[in-house]
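Visitor:
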Amino acid sequence: MGEAIVITSGKGGVGKTTTSANLGTALALLGKKVCMVDTDIGLRNLDVVMGLENRIIYDLVDVAEGRCRLSQALIKDKRFDELYMLPAAQTKDKHAVSPEAVRDIVVQLKSDYDYVIIDCPAGIEQGFKNAVAGADKAIVVTTPENAAVRDADRIIGLLEQERIHGPKLIINRVKPLMMKKGEMLDIDEVCSVLAIDLLGIVPDDEAVIKAANSGEPTVMNPKSRAAIAYRNIARRILGDTVPLMPLEEKTGVFRKFKKIFGIG
Amino acid sequence: MTETKPRVTIKGVKEGLVFWIDDSCTFSEVIEELEHKLGKTHRSFLSGPAVPVQVKLGSRRPNEAEKEQIARIIAKGGNLIVRSIESDSPEEPKPLPPDAVVLMKGIVRSGQTVRHEGNLLYVGDVNPGGTIVCTGDIFVLGALRGMAHAGAEGDQRAIIAASYMRPTQLRIADVISRPPDEWGIADASMEFAYIHEGNMEIDKINRLYRLRPNHPFGGA
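Chains H and G supply the protein sequences, listed in that same order.
Numbering follows the numbering used here, with no gaps: position 217 of the first sequence is 207.
Numbers given in the numbering used here equal positions in the second sequence, counted from 1, plus 181.
(1) Using a Cβ-Cβ cut-off of 6 Å (strictly less than) and excluding sequence neighbours within five positions of Met328/G, which residues of its own chain qualify?
(2) Could you list which residues in chain G have their beta carbon closer than 7 Å to that of Arg140/H, in chain order?
(3) The beta strand (DSSP E) with Lys192/G in it runs from where to where?
(4) Ala185/H CB to nearest chain G CB: under 8 Å?
(5) Output the residue ranges of the alpha helix (DSSP H) runs that lie fully inside the region 217 to 292 of chain G and measure 4 residues or longer, sorted by chain position.
(6) Since Val146/H meets chain G, which of its residues come closer than 8 Å, beta carbon to beta carbon?
(7) Quick check: the Cα distance between Arg222/G and Ser270/G, rounded to an integer number of angstroms?
(8) Please state whether DSSP places Glu152/H in a helix, a strand or coil.
(9) Helix, strand or coil: which one does DSSP assign to Ile145/H?
(10) Buried or exposed: where does Asn136/H fall if 16 or more other Cβ atoms within 10 Å of its Cβ makes it buried?
(11) Here's the rule: buried if 16 or more other CB atoms are within 10 angstroms of the residue's CB, otherwise exposed. What is Thr294/G?
(12) Three-state secondary structure (DSSP) at Asp204/G?
(13) Across which residues does DSSP place Asn380/G in a beta bridge pair?
(14) Determine the chain H residues that contact Ala306/G at a beta-carbon separation under 7 Å, and present them in chain order.
(15) Check Gly400/G in the structure and name its three-state DSSP category.
(16) Could you pull the DSSP bridge partners for Cys315/G from this structure?
(17) Looking only at its chain, what residues have a beta carbon closer than 8 Å to the beta carbon of Glu372/G, apart from the 5 residues adjacent to it on each side?
(18) Let me make sure I understand the geometry here. Which of Ser(-1)/H, Asp102/H, Gly229/H and Tyr48/H has the alpha-carbon closest to that of Cys25/H?
(19) At a Cβ threshold of 8 Å, is Asp143/H touching chain G?
(20) Pull up the distance between the alpha-carbon of Ala78/H and that of Tyr375/G, whole angstroms please.
(21) Name the residues in the region 328 to 354 of chain G whose C-beta lies less than 8 Å from a C-beta of chain H; which are they?
(22) Would you verify that the beta carbon of Glu(-7)/H is, or is not, closer than 8 Å to some beta carbon of chain G?
(23) Within a Cβ cutoff of 6 Å, which residues of the same chain sit near Lys158/H, ignoring the five residues on either side of it in sequence?
(24) Name the chain H residues that come within less than 9 Å of Arg326/G, Cβ to Cβ?
(25) Assuming Gly124/H and Val87/H form a contact by the criterion Cβ under 8 Å, report the distance between their Cβ atoms to the nearest whole angstrom.
(26) According to the Cβ coordinates, are Ile254/G and Leu215/G closer than 8 Å?
(27) Please classify Thr81/H: is it buried, with 16 or more other beta-carbons within 10 angstroms of its beta-carbon, or exposed?
(28) Return yes when the Cβ of Ser214/H is within less than 8 Å of the Cβ of Val131/H, no when it is not.
(29) Which two residues bound the contiguous alpha helix (DSSP H) that contains Glu334/G?
(30) Between Ala252/G and the rest of its own chain, which residues show a CB-CB distance below 7 Å, the 5 nearest in sequence each way excluded?
(31) Can you list, in chain order, the residues of its chain with a C-beta nearer than 8 Å to that of Ala256/G? Leave out the 5 residues immediately preceding and following it.
(32) Is the CB-CB distance between Gly197/G and Pro243/G below 8 Å?
(33) How would you call His330/G, buried or exposed, if buried means at least 16 neighbouring beta carbons within 10 angstroms?
(34) Is it a yes or a no for the region 152 to 167 of chain H touching the region 190 to 198 of chain H, going by three-plus beta-carbon pairs under 8 Å?
(35) Would you say Asp204/G faces chain B, with C-beta separation under 8 Å as the test?
(36) Along the chain, which unbroken stretches of the beta strand (DSSP E) at least 3 residues long are found entirely within the region 185 to 215 of chain H?
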């Protein structure tokens, strides 16, 4: 029996879909059997980020309404044999499925996969209720901005109501330089307000945007700092103890010189 | 075999008989035992002179139909006359003394509201977007980053204290204050807000006893 993890945030645009795609891929990279489920009906993105858009035949609503079998709607990833995704419908809206229907699908998936990663839509309405219905655990994604932290806090409260306890936190799009200058909320401030376990910090990285546009999850590119962060998070999900990586970006000629002379 | 508590105990008193009915078993068990006792073991009660009966139900609260069923079984023989069927009067929840402080704990997250009648000691944080409303005083043993409203029904003497006072807004009675541009917060010692001549002011907690000498918490 696998584990269903919902990736949620409340606020839009903080990186739920990117996180879902990268964690799903990273877990597959670590040899796990993974299925990603996009519950953002009407605004599906996960397939685009994964570069699987052109393979969609059936979707989540088709499965829920019995137009096809679950196995027919699943799309196999082009990179991994044991990575699949269930796309959302693009032509319907969130009311096209019920939380019970999503729960049934997730329960079926859990019997075949080690991890079911559920990509939650923004907001706290029906779409959120659908996404959390079948989840065993939750990962809350936020960015170091007041508005995102406020919404994450609200979501943590709602997850408690839905009886999903002990959600974990990912702070996404961290800019170490701005944090250092005090222009951005720092990690400790975010953690002290939200008061949940920190699962990982993902630095802001242009490679993520590039990767998403080319339909290749960042995590595949070992040169990207965000990729390393996602791989570390995946290992933490598997129970490994991986220290948080240092935030400082080690670039610049001066730093390299210092390193050469052993004073860095 | 273990000794079970009798579900129906019959006792003779000056006025007649008292049926004590155990309140920890099901109603059908009561009926079963009552029929068994009156029909078999205590049959002798059913023949003889008229005897008044009181039925005491403990904390059990049966509906009218169930009461009637009990009365019917007892009165079956003709000589037992049911005078009363009564339950213990429910214990009235005692009103808290006005200066009592109730303790709650947790985190008031964005979008959540904690309401309380009286004084509250909240152990935990109140996050931005979270609200805590009390008719009395509010003491937050944690960070107050959200909104707190003390004296919500108009008590101008109410105070709001917090270990870490960084609220989005404070309200006492009908006075609303919006820190920190209205009063500067210097360091992180425990502080409290109160109304002084219609304005909200803030001070260190160790000044509370001087500012509110007759206050339940301020008075020595």
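Just so it is clear, CB atoms sit at the ideal spot from N, CA and C, and this is done for glycine as well.
Guide: Reading off the structure:
(1) Translated into the one-based positions of the second sequence, residue 328/G becomes position 147. Thr312, Thr349 and Gln350, listed in sequence order.
(2) Counted from its first residue, the first sequence places residue 140/H at position 150. Within 7 Å Cβ-Cβ: Ser291, Pro309 and Gly310.
(3) One-based indexing of the second sequence puts residue 192/G at position 11. Looking at the DSSP string, the run of the beta strand (DSSP E) that includes Lys192/G is Val189 to Val194.
(4) Sequence index remark: in the first sequence, residue 185/H carries index 195 (1-based). Answer yes: the Cβ-Cβ gap between Ala185/H and chain G drops below 8 Å somewhere.
(5) 245 to 256
(6) Counted from its first residue, the first sequence places residue 146/H at position 156. First, the amino acid is wrong: residue 146/H is Ile here, not Val. Those within 8 Å of Ile146/H in chain G are Arg290.
(7) The residue given as residue 222/G occupies position 41 in the second sequence. The residue given as residue 270/G occupies position 89 in the second sequence. Residue identity differs from the one stated: residue 222/G is Thr in this sequence, not Arg. Each residue's alpha carbon lies about 31 Å from the other.
(8) In the first sequence, the residue the question calls residue 152/H occupies position 162. It is coil, neither helix nor strand.
(9) For the purposes of this step, residue 145/H is taken as the residue at position 155 of the first sequence. In the structure shown, Ile145/H sits in a helix (DSSP, three-state: H, G or I).
(10) As a first step, residue 136/H must be located in the first sequence, where it is residue number 146. The residue is exposed, with fewer than 16 neighbouring Cβ atoms inside 10 Å.
(11) As a working mapping, residue 294/G is identified with position 113 in the second sequence. It is exposed - the Cβ of Thr294/G has fewer than 16 other Cβ atoms within 10 Å.
(12) Position 23 of the second sequence holds residue 204/G. The answer is coil: DSSP assigns Asp204/G none of H, G, I, E or B.
(13) Residue mapping note: residue 380/G aligns to position 199 of the second sequence, counting from 1. Asn380/G is bridged to His377/G.
(14) Position 125 of the second sequence holds residue 306/G. In the sequence on display, residue 306/G carries Asp and not Ala. Here the neighbours are Ala185.
(15) Here residue 400/G is taken as the residue at index 219 of the second sequence, counted from 1. Confidence at Gly400/G is low in this model, with a pLDDT of 39, below 50, so the placement of that residue should be treated as unreliable; the coordinate-derived value is given next. Residue state, collapsed to three classes: coil.
(16) In the second sequence, residue 315/G corresponds to position 134, counting from 1. Answer by DSSP bridge pairing, in chain order: His297/G.
(17) The residue given as residue 372/G occupies position 191 in the second sequence. Same-chain partners within the cutoff: Ala342, Ala343, Met346, Ile366, Ile383, Asp384, Lys385 and Ile386.
(18) Looking up residue 25/H in the first sequence gives position 35. Ranking Ser(-1)/H, Asp102/H, Gly229/H and Tyr48/H by Cα distance to Cys25/H puts Asp102/H first.
(19) The residue labelled residue 143/H in the question sits at position 153 within the first sequence. Interface residue, yes.
(20) In the first sequence, the residue the question calls residue 78/H occupies position 88. In the second sequence, the residue the question calls residue 375/G occupies position 194. Roughly 54 Å between the two C-alpha positions.
(21) none
(22) The residue labelled residue -7/H in the question sits at position 3 within the first sequence. Answer no: the Cβ-Cβ gap between Glu(-7)/H and chain G never drops below 8 Å.
(23) As a position in the first sequence, residue 158/H is number 168, starting the count at 1. Ile129, Asp187 and Leu189, listed in sequence order.
(24) As a first step, residue 326/G is located in the second sequence; it is residue number 145 there, counting from the start. Going along chain H in sequence order, the residues near Arg326/G (Cβ under 9 Å) are Val183.
(25) As a first step, residue 124/H is located in the first sequence; it is residue number 134 there, counting from the start. As a first step, residue 87/H is located in the first sequence; it is residue number 97 there, counting from the start. About 11 Å separates the two Cβ atoms, so there is no contact after all.
(26) Numbered from 1 along the second sequence, position 73 holds the residue referred to as residue 254/G. Numbered from 1 along the second sequence, position 34 holds the residue referred to as residue 215/G. Result yes, Cβ atoms of Ile254/G and Leu215/G sit closer than 8 Å.
(27) Translated into positions along the first sequence, residue 81/H becomes position 91. With fewer than 16 other Cβ atoms within 10 Å, it is exposed.
(28) Position 141 of the first sequence, counted from the first residue, corresponds to residue 131/H. Position 224 of the first sequence, counted from the first residue, corresponds to residue 214/H. Result no, Cβ atoms of Val131/H and Ser214/H do not sit closer than 8 Å.
(29) As a position in the second sequence, residue 334/G is number 153, starting the count at 1. Unbroken run through Glu334/G: none, as it is neither H nor E.
(30) Stepping through the second sequence from its first residue, residue 252/G is reached at position 71. For Ala252/G, where only same-chain residues beyond five positions count, the Cβ hits under 7 Å are Val263 and Ile266.
(31) For the purposes of this step, residue 256/G is taken as the residue at position 75 of the second sequence. Excluding positions up to five away in sequence, the list reads Ile262 and Val263.
(32) Working through the second sequence from its first residue, we reach residue 197/G at position 16. Working through the second sequence from its first residue, we reach residue 243/G at position 62. No. Outside cutoff.
(33) What you label residue 330/G is simply residue 149 of the second sequence in a count that begins at 1. Label assigned to His330/G: buried.
(34) yes
(35) Going by chain labels, chain B is absent from the structure shown, which instead holds the protein chains H and G.
(36) 187 to 193
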